Amino acid sequence: MSTLNGQVAVVTGGAGGLGEAICIGLAQAGCAVVVGYNSSEGPARALAERLAPVALPHVALKCPVTDSAALATLAAEVQQRYGRCDILVNCAGTTRFVPHADLDGLDDALIDQILATNVRGPIAALRALKPLLAAPRDDGATGLVVNISSIAAVTAMGSNIAYCASKAAVDNLTKSMARALAPAIRVLSVSPGLADTDFVKSLDLAWRNEQASRTPLQRLALPEEVAAAVVAAATHLTFTTGAVIPVDGGRPLA
Ligand SMILES: NC(=O)c1ccc[n+]([C@@H]2O[C@H](COP(=O)([O-])OP(=O)(O)OC[C@H]3O[C@@H](n4cnc5c(N)ncnc54)[C@H](OP(=O)(O)O)[C@@H]3O)[C@@H](O)[C@H]2O)c1
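Residue 244 in numbering that gives the first Met the number 0 is what sits at position 245 of the sequence shown, and the numbering runs on without skipping anything.
This is the structure in structure tokens:
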């Protein structure tokens, strides 16, 4: 029995490695999914077509999180197509590997791009969709925002120092958004450790294996496990807001 039947979810970065798994998970739970894309229009459309059919149609829509005017257009289109939005998953994110000591390698343009996408993006997406997310529902359910954070927020280990800081900011945003938007909208972070997406699989195998061996559960996260945490936030954690849900195999314990 699907539990999110009739609900509508917008997933930014929906065609990415984790975004795809999240879209699949939400559709399997009964949601109509808006697969938000920036540059990956083709993969986003293909994904929307192969998601599990639900009561309402899935769709791929342009969702550039650094462009607030485009986000307003997206919100208007969601309103027109569905008349509602129950779940926003802020999954869009960007980074590049720069050794933490290489401050010259971390140029201003990269810092600005990371902060605009990873920090301003979730705020801008929520700003655009807030009226729909906050709308009262017949069953008294709340709207839900899930910010995809990262273990880098707490370990300060990750692709570069600006990326780590951006994810710490995301977890902080989760708390202030949750306080400010209650009781109409719940806000959570789902915080993955390194996840075995196609991109991560393409990296150096020895490095990947080392990351797994440093994790108490001795492996990387499956994208499906990150998606399961997002779905659980909607289906089971109904009295939880402002919390950070780790999906990291215990990595910070090691
Ligand atoms: N993979 C991991 O191990 C891991 C671990 C912890 C946290 N995370 C977080 O999980 C999220 C997804 O990561 P991923 O591994 O799935 O990476 P990914 O495959 O590279 O996907 C990144 C997604 O972000 C979208 N994006 C980038 N810039 C954007 C912009 N300006 N506007 C809208 N969308 C934009 C891309 O959209 P287009 O392709 O359409 O351009 C893409 O779908 C990120 O927030 C990342 O920080 C990942």
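By construction, the Cβ of each residue, glycine as well, lies at the ideal position given by its N, Cα and C atoms. Bear in mind the structure is a predicted one, so any value in this text is a computation, not a measurement.
Given that a residue counts as buried once 16 or more other Cβ atoms are within 10 Å of its Cβ, and exposed if not, what is residue i?
{"i": "R185", "result": "buried"}
{"i": "T214", "result": "buried"}
{"i": "E19", "result": "buried"}
{"i": "R250", "result": "buried"}
{"i": "H235", "result": "exposed"}
{"i": "D85", "result": "buried"}
{"i": "N208", "result": "exposed"}
{"i": "M0", "result": "Summary for M0: the model assigns pLDDT 41, below 50, so the residue's position carries little reliability, and this model does not support an answer."}
{"i": "T237", "result": "exposed"}
{"i": "A43", "result": "buried"}
{"i": "Q292", "result": "As displayed, the chain neither begins before 0 nor continues past 253, which places residue 292 out of reach and without an answer."}
{"i": "L216", "result": "exposed"}
If we call anything under 7 Å between Cβ atoms a contact, is residue i one with residue j?
{"i": "V32", "j": "A68", "result": "no"}
{"i": "A167", "j": "A152", "result": "yes"}
{"i": "A194", "j": "A220", "result": "yes"}
{"i": "T240", "j": "A124", "result": "no"}
{"i": "G248", "j": "G192", "result": "yes"}
{"i": "V145", "j": "V189", "result": "yes"}
{"i": "A91", "j": "V58", "result": "no"}
{"i": "V88", "j": "I21", "result": "yes"}
{"i": "A255", "j": "L50", "result": "The first residue shown for the chain is 0 and the last is 253, placing residue 255 beyond what the model contains."}
{"i": "A205", "j": "L143", "result": "no"}
{"i": "N159", "j": "V97", "result": "yes"}
Quick check on residue i: does DSSP put it in helix, strand or coil?
{"i": "P182", "result": "coil"}
{"i": "N89", "result": "strand"}
{"i": "N146", "result": "strand"}
{"i": "P191", "result": "strand"}
{"i": "P130", "result": "helix"}
{"i": "A8", "result": "strand"}
{"i": "A155", "result": "coil"}
{"i": "A242", "result": "coil"}
{"i": "A54", "result": "coil"}
{"i": "V230", "result": "helix"}
{"i": "A115", "result": "helix"}
{"i": "A14", "result": "coil"}
{"i": "A211", "result": "helix"}
{"i": "M176", "result": "helix"}
Could you round the C-beta distance between residue i and residue j to whole angstroms and report it? I think they count as a contact, below 8 Å.
{"i": "V246", "j": "A231", "result": "That pair is no contact at about 10 Å."}
{"i": "G35", "j": "L60", "result": "6 Å"}
{"i": "L55", "j": "A14", "result": "No, L55 and A14 are not in contact; Cβ-Cβ is about 20 Å, not under 8 Å."}
{"i": "V243", "j": "S149", "result": "No, V243 and S149 are not in contact; Cβ-Cβ is about 10 Å, not under 8 Å."}
{"i": "A127", "j": "A74", "result": "4 Å"}
{"i": "T116", "j": "A183", "result": "Wrong, their Cβ atoms sit about 26 Å apart, outside the cutoff."}
**Message:** Which complete alpha helix (DSSP H) runs does the region 21 to 83 hold, if anything under 4 residues is left out?
**Reply:** 40 to 49 and 67 to 81
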